[in-house]
Amino acid sequence: MSENVMIMNHPLIKHKITMLRDVNTGTNEFRTLVSEIAMLMGYEALRDLPLEEVDITTPIEATKSPMIAGKKLAIVPILRAGLGMVEGLTNLVPTAKIGHIGLYRDPDTHKPHEYYCKLPTPIELRTIVVVDPMLATGGSASEAIDFIKQHGGKKIKFMCIIAAPEGLEKLTKEHPDVQVYVGNLDRELNENAYICPGLGDAGDRIFGTK
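According to the working numbering, the sequence shown is numbered sequentially starting from -8.
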């Protein structure tokens, strides 16, 4: 496996993913869990954010202390399921800018098609975290990262809650420079390109649609 791939092993993440998978988990709880998992994963994915020393005064004395340097983080959810992960990350970094990429999957070919792309500027100066709860075939993620690179994005991370081996292989092969953070690596894709054991359709379960 690529050295740019990190599979999470934290007990809290594993526990919450199990709750996500459960068919009996309702929309409200599912939405909350996705946000919580994104925040826990974000703690690891954002570990290399640059710091700078700033002057502050504590109740005891004046001192220098580190803070995140600048406001150069962009969070880019792949619509629509990726929206469920945004709040967890902005809880960690409220100053982050948010872009959006809209893709839909052709039901016959399973290939992604873009219908919307709006990114914060200057995108080339930002650390960009692309989020989507599921990495299935890898087509949407790879295509979204292609779009970001075409717009000038350079430092890109991808974060998903569950991934299929097929999608992870495609993404790392087509974008070896992208750091990938995965909550859990599942077994395989089925004949309909759904992750097994998976958790169903993340967008439907986040938004309560069918």
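Beta carbons are placed, not taken as given, at the ideal position from N, Cα and C, and that holds for glycine.
Our two residues, Asn183 and Glu78, have alpha carbons roughly 30 Å apart in a direct line. Look at Asp195 here: in three-state DSSP terms it is helix. For the 8 Å CB-CB criterion, Gly33 and Leu80 form a contact. Asp195 and Phe138 have their alpha carbons spaced roughly 25 Å apart.
Around the beta carbon of Thr118, a 10 Å sphere encloses 16 or more other beta carbons of the protein chains shown; the residue is thus reported as buried. According to DSSP, Ala72 shares a beta bridge with no other residue. In the structure shown, His91 falls within a strand segment according to DSSP collapsed to helix, strand and coil. Contact between the region 142 to 161 and the region 20 to 36 is present: 3 or more CB-CB pairs across the two stretches fall below 8 Å. The region 54 to 69 makes no contact with the region 173 to 188; the number of CB pairs closer than 8 Å stays below 3. Taking a cut-off of 8 Å on C-beta distances, the region 52 to 61 does not touch the region 120 to 137, as fewer than three cross pairs fall below it. In this structure, DSSP gives Lys146 an extended state, which the three-state scheme calls strand. By the neighbour-count criterion, in which a residue is buried when 16 or more other Cβ atoms sit within 10 angstroms of its Cβ, Tyr107 is exposed. Rounded to the nearest whole angstrom, the C-alpha separation of Ile4 and His104 is 31 Å. Asn175 and Thr48 have their C-alpha atoms some 43 Å from each other. Going by beta carbons, Met76 and Pro68 fall inside the 8 Å limit. When DSSP reads this structure, Met(-1) sits in no beta bridge, so it has no partner. Straight across, the Cα-Cα distance linking Leu24 with Gly17 is about 11 Å. With respect to Arg12, Leu190 sits close: the two C-beta atoms are nearer than 8 Å. In the structure shown, the three-state DSSP call for Asp137 is helix. The C-beta distance from Asn(-5) to Val169 rounds to 7 Å, short enough to meet the 8 Å contact threshold.
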